[in-house]
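Engineer: Counting in our numbering, the sequence shown tops out at residue 365, every number present.
We put the CB at the ideal spot given by N, CA and C, even for glycine.
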Amino acid sequence: MFNVEGLSDTSIIFLVLPKDPRDSSERYDPPTDYIHCGRSFGRFFFSHRNSYLQPPSAVVDYAKVTEWLLFCENHHSKLCRTPTLPQLPSFQVIDCQSRTVVPWIYEDAGNVFLTLSYVWGTANVDSLSADGALPTLLPAVIEDSISVTLRLGYRYLWVDRYCIPQTDEAAKAVQIGNMNMIFKHSELTLIAASGKDPSYGLPGVNGNPRRTYPSVTVEDQTFYPFLSNAAHEITHSLWNTRGWTYQEALLSRRCLMFTDSQVFFQCRGMHCQESISIPLDILHRPEKQKVRGSILTVPKTFASDDPGTQPTPFENVVNDYARRSLTYETDALNAFQGVLRALAMPTGSGPKPVHNFFGI
Ligand SMILES: [Zn+2]
6 MFNVEGLSDT SIIFLVLPKD PRDSSERYDP PTDYIHCGRS FGRFFFSHRN
56 SYLQPPSAVV DYAKVTEWLL FCENHHSKLC RTPTLPQLPS FQVIDCQSRT
106 VVPWIYEDAG NVFLTLSYVW GTANVDSLSA DGALPTLLPA VIEDSISVTL
156 RLGYRYLWVD RYCIPQTDEA AKAVQIGNMN MIFKHSELTL IAASGKDPSY
206 GLPGVNGNPR RTYPSVTVED QTFYPFLSNA AHEITHSLWN TRGWTYQEAL
256 LSRRCLMFTD SQVFFQCRGM HCQESISIPL DILHRPEKQK VRGSILTVPK
306 TFASDDPGTQ PTPFENVVND YARRSLTYET DALNAFQGVL RALAMPTGSG
356 PKPVHNFFGI
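(1) For Y167 and V106, what's the separation of their Cα atoms in angstroms?
(2) Jot down the residue ranges of each uninterrupted alpha helix (DSSP H) in the region 237–273, minimum 4 residues, whole runs only, in chain order.
(3) Whose CA, out of T154, H190, G212 and L121, lies closest to the CA of W163?
(4) Measure the CB-CB distance between E320 and D66 and report whether it falls below 8 Å.
(5) Short of 8 Å in beta carbon distance, which residues of its chain neighbour Q294, apart from the five on each side in sequence? Order them along the chain.
(6) Would you identify the three-state DSSP class for V98, choosing helix, strand or coil?
(7) Can you name the start and end residues of the beta strand (DSSP E) that A197 belongs to?
(8) Alpha carbon to alpha carbon, what distance is there between R346 and F50?
(9) For the beta strand (DSSP E) holding Q3, just list the boundary residues, first then last.
(10) In whole angstroms, what is the alpha-carbon distance linking A235 and G158?
(11) Can you give, in chain order, each stretch of the alpha helix (DSSP H) that sits fully within the region 123–187 and has at least 4 residues?
(12) Where does I281 fall in DSSP's three states?
(13) Helix, strand or coil: which one does DSSP assign to V107?
(14) Between N211 and E148, how many whole angstroms is the CB-CB distance? I'm expecting something under 8 Å.
(15) Whose CA, out of G206, I281, D202 and T141, lies closest to the CA of V70?
(16) State whether the region 332–346 contacts the region 241–256, with contact taken as three or more CB pairs (one from each stretch) at a distance under 8 Å.
(17) Shorter than 7 Å, the distance from the beta carbon of H237 to the closest heavy atom of ligand 1, or not?
(18) Taking a cut-off of 5 Å, which residues have a beta-carbon closer than that to any heavy atom of ligand 1, in chain order?
(19) Contact between the region 184–201 and the region 122–136: three or more CB pairs below 8 Å?
(20) With distances taken from CA atoms, which of S257, R104, S191 and L243 is nearest D4?
(21) Quick check: what's the CA-CA separation for L207 versus E292?
(22) Can M186 and P91 be called in contact, C-beta distance under 8 Å?
(23) Would you kindly work out how many angstroms separate the C-alpha atoms of S219 and D265, rounded to a whole number?
(24) Check the C-beta distance from S95 over to Q180 and give it rounded, since I have them as a contact under 8 Å.
(25) Please go through the same chain and pick out, in chain order, the residues whose beta-carbon is closer than 7 Å to the beta-carbon of H237, but skip the five residues on each side of it.
(26) So, at 7 Å on beta carbons, what are the nonlocal neighbours of I110 in its own chain, with the 5 sequence-adjacent residues on each side left out?
(27) Would you mind giving the Cβ-Cβ distance between L256 and V344, rounded to the nearest angstrom? I have them listed as a contact below 8 Å.
(28) Have a look at S132 and K189 and give me their C-alpha separation to the nearest angstrom.
(29) Could you check what DSSP says for H80 in three-state terms: helix, strand or coil?
(30) Count the other C-beta atoms from every protein chain shown that fall within 10 angstroms of the C-beta of T154, then say buried if there are 16 or more, exposed otherwise.
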């Protein structure tokens, strides 16, 4: 009988220890180890200092996120390269250092910006001050996103709430029409995939709690449950049901998704989650442009191809979007306009552009 923290009525029948994939060049299958705990079965894995599986800590592992970003930037030159941002009228971003909304400076080619995708909720938007300063009290998800932006070494963040004029309908329409450009040119999109509104914040950031896991210690070795599948959490999130968020994810080259348990990264070339620490070199094909398909069974959260570059039937994209919910039905075309514009752009050797006239 062992001491199992977080579980009651516990009796252990057996444990099977998975082997470390780095010990062998053979194809690796994820652990299928089971532990019998009372009347329920849970998947457990063996955790030790050389294991490729690690339970996420209470705080986001920024070093690991930085490693993902650097690998993507250094190796995914074909799929994830940063295009040059064209001139977008009235485009503005949050300067996270000064907490002020500022016009984008195109002359500084080294500047990049991040974007945020979240559930808008029902709360009213506080106005900016005359000099563009953000309100003192921000919704938690925006406050946390500013922290993440700075923590990852970036300075600028685009958030629709403050960077799209909410009271100027003409200016608002222009910005909505540029959504495909904004998300396509974003260096990284932060996705708040947990909670039901902006007050929830990002788990693992600024002290926001994360889901904890039971563990069992046998002598000097600790066992943890096979951690939740981040892609499953994202797929079943409220964020994944909302209309506006559909194109925000689809149009982004890189996404960092925050769930209640961990962060999940997906770019055009790879996808990985915080609880798995397989070296990225091992995950990738020899040319390192894309992950191998056979070594990791963690699923993607959504299509990672640039819209319009693969022969995906147009109806599939529309059907996926049609399952989403909108607060205002009048937004049906606006919230899809970025995808429509992306599909209408020529893609060289890809499929032919799909044009539309007011959504038809
Ligand atoms: Zn990439």
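Structural biologist: Working from what's here:
(1) 7 Å
(2) 248–256
(3) Measuring from the Cα of W163, the nearest candidate turns out to be L121.
(4) no
(5) H80, H81, S82, K83, L84 and G274
(6) For V98, the secondary structure class from DSSP, reduced to helix, strand or coil, is strand.
(7) L193 to A197
(8) Note on F50: pLDDT 46, under 50, position unreliable in the model; the coordinate value appears next. When rounded, the distance between both Cα atoms is 46 Å.
(9) Nothing can be reported for residue 3: it is not among the residues displayed for the chain, which extend from 6 to 365.
(10) 25 Å
(11) 145–156, 165–168 and 174–182
(12) strand
(13) Annotated three-state conformation of V107 is strand, per DSSP.
(14) 7 Å
(15) Answer by Cα proximity: I281.
(16) yes
(17) no
(18) C77, H81, C85, C272 and G274
(19) yes
(20) For residue 4 there is no data in the structure shown, the boundaries of the chain being 6 and 365.
(21) 35 Å
(22) It is a contact, given that the beta carbons lie within the stated cut-off.
(23) Checking the sequence, you will find Pro at residue 219 rather than Ser. Each residue's alpha carbon lies about 15 Å from the other.
(24) 7 Å
(25) none
(26) N116
(27) 7 Å
(28) 27 Å
(29) helix
(30) buried
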